[in-house]
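Sequential numbering from 923 applies to the sequence shown in our numbering.
Following: one structure in structure tokens, then a few remarks.
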Amino acid sequence: MLTLTPRERMLRVIRGQDVDRVPVTISVGPPGPAPIPSWQPLHDLVERYELDYVSGFVGPRKPQVKPSSEVQRDTNNPDWYELVTTYPTPQGDLTQITRCSRSGKPGYTLKYLIASVEDARRWLSLPDPEPPNVGGWAERLAQAGDRALLRVGIDHPMYEINWRTGSELWAYWMYDEWELVEELVDRAFRRVLRDLRHYIAHGCGPLFGWAGPELCIPPLARVQDFRDFVQRYDEQLFAEVHNAGGLVWVHCHGNMDPVLEGFIEMGVDCLHPIEPPPVCTAPLTDLKRRTAGRMTLEGGVESSAFELLPPEEMAAVVEGTMAAGKPGGRFIIAPTSSPGHWPQMSSHIAENYRVYVETAMRLAPYM
923 MLTLTPRERM
933 LRVIRGQDVD
943 RVPVTISVGP
953 PGPAPIPSWQ
963 PLHDLVERYE
973 LDYVSGFVGP
983 RKPQVKPSSE
993 VQRDTNNPDW
1003 YELVTTYPTP
1013 QGDLTQITRC
1023 SRSGKPGYTL
1033 KYLIASVEDA
1043 RRWLSLPDPE
1053 PPNVGGWAER
1063 LAQAGDRALL
1073 RVGIDHPMYE
1083 INWRTGSELW
1093 AYWMYDEWEL
1103 VEELVDRAFR
1113 RVLRDLRHYI
1123 AHGCGPLFGW
1133 AGPELCIPPL
1143 ARVQDFRDFV
1153 QRYDEQLFAE
1163 VHNAGGLVWV
1173 HCHGNMDPVL
1183 EGFIEMGVDC
1193 LHPIEPPPVC
1203 TAPLTDLKRR
1213 TAGRMTLEGG
1223 VESSAFELLP
1233 PEEMAAVVEG
1243 TMAAGKPGGR
1253 FIIAPTSSPG
1263 HWPQMSSHIA
1273 ENYRVYVETA
1283 MRLAPYM
């Protein structure tokens, strides 16, 4: 019988190798003091049950351009203010307006950095930022030890543009400004590929990961848009990683049913977070059948269940998810998101996390 450390277990399941049990994760940091006191029960669960987790590493870098001004504007709600940030470019200023919470709630973008074709040209006129500083890699690797698998965080070419335009303009431009979108994503891709090669050349890895494809899948985009602006670029990044002996983890919310084969074709090693119906129109059993051992699936437990379900129903959800995902291996059970949208976690949510962990750990062993 295998006896694996959390790092070994995560690495083996992503590689498609045998493991002693299904890895069980929750989307919080390592054991120890929680950054938000009300989250402490979740960090305690990570320690008590030696839960599996992946720790991220992103090399710091100087910003692409420093803002020329940052102005705070009060709103009629004392918890919220607007931050107006202006960036200079060789072809004129770019401005972004963000609504921010003083109590840690998720913010809102009121005006995106790129709001017109002229803004896009201004962004294209900027020089690329310097490559990331990888000097802290060895220290982070030592800190993680056998307790966690360290993942190198890479930007995503399509998402580098989408988060600057917002999804509404992005959707219109895929019809009205296709050539401009291609030019923007091309530019982002060249920089991301440079950064990836920089990480590999300095011995970082073996796990690399990125987020963003979810903004270019149905219903916001067509499957052809996914192939044009995600698959066409990402498969080149996958080739770089795989040629270096590495693995790729991709974060993509939403309905995987229409794009699952695209992720398989480009060579995803682990796809996260697999969401159950009704978000995904195919159940986990069908996704497992279609991947046929070629890709690890991570997720399965919708994050809203922790908020809405009584504990006994939470246990039933975990049991059903394990029954669907465990057979055949290449499965990591996980919530579909972190509890980060709750600055203060209620006791009900914390209790459902306990039920999730204890139920999953009871059902996880393969032998």
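Every residue gets a Cβ at the ideal spot worked out from N, C-alpha and C, and that includes glycine.
All values derive from a computational prediction rather than experimental measurement.
Inset, instruction - Measure the C-alpha to C-alpha separation of residue 1252 and residue 1038 and round it to an integer number of angstroms. - result: 44 Å
Inset, instruction - Below 8 Å CB to CB, which residues in the same chain sit around residue 1046 once its five sequence neighbours on both sides are set aside? - result: 1105, 1106 and 1109
Inset, instruction - Pull up the distance between the alpha-carbon of residue 1117 and that of residue 1173, whole angstroms please. - result: 19 Å
Inset, instruction - Rounded to whole angstroms, what's the CA-CA distance from residue 1224 to residue 971? Just pull it up for me. - result: 21 Å
Legend entry - As assigned by DSSP and simplified to three states, the class of residue 1192: strand
Inset, instruction - State the Cα-Cα distance for the pair residue 1043 and residue 1185, rounded to the nearest angstrom. - result: 31 Å
Inset, instruction - Work out the CA separation of residue 1000 and residue 1204 for me, nearest whole Å. - result: 44 Å
Legend entry - Inter-stretch contact at 8 Å, needing at least 3 Cβ pairs: the segment 1190 to 1210 / the segment 1247 to 1261: yes
Inset, instruction - Can you say whether residue 1055 is buried or exposed, counting buried as having 16 or more other CB atoms within 10 angstroms of its CB? - result: exposed
Inset, instruction - Find out if the Cβ-Cβ distance for the pair residue 1206, residue 1247 is shorter than 8 Å. - result: yes
Legend entry - Per-residue DSSP class, three states only, for residue 1026: coil
Inset, instruction - Answer yes or no: does any C-beta atom of chain C fall closer than 8 Å to that of residue 1194? - result: No chain C appears in the structure shown, which is made up of a single protein chain.
Inset, instruction - Tell me, please, whether the segment 957 to 977 touches the segment 1266 to 1273 by the rule of three or more beta-carbon pairs shorter than 8 Å. - result: yes
Inset, instruction - Sort 1216, 1041 and 1267 by Cα distance to residue 1228 and report the nearest one. - result: 1267
Legend entry - Assumed close pair residue 1134, residue 1078 - CB separation to whole angstroms, cut-off 8 Å: 3 Å
Legend entry - Beta-bridge partners of residue 1133, as assigned by DSSP: 1173
Legend entry - Touching by the beta-carbon criterion (3+ pairs, under 8 Å), the segment 973 to 984 and the segment 1064 to 1073: yes
Inset, instruction - Report yes if the CB atom of residue 1071 is closer than 8 Å to the CB atom of residue 929, and no otherwise. - result: yes
Legend entry - Assigned secondary structure, residue 1021 (DSSP; H/G/I helix, E/B strand, else coil): strand
Legend entry - Continuous beta strand (DSSP E) stretch holding residue 929: start and end: No beta strand (DSSP E) holds residue 929; the alpha helix (DSSP H) holding it covers 928 to 937.
Legend entry - Straight-line gap, residue 1168 to residue 1215 (C-alpha atoms, nearest Å): 18 Å
Legend entry - Cβ pair residue 1011, residue 991 closer than 8 Å: no
Inset, instruction - Taking the CB atoms as reference points, tell me whether residue 1236 and residue 1202 lie closer together than 8 Å. - result: no
Inset, instruction - Using beta-carbon positions only, say whether residue 1132 and residue 1075 come within less than 8 Å of one another. - result: yes
Inset, instruction - Provide the residue span of the beta strand (DSSP E) that contains residue 1253, from first to last. - result: 1253 to 1257
Inset, instruction - Give the secondary structure of residue 976 by DSSP, where H, G and I count as helix, E and B as strand, and everything else as coil. - result: strand
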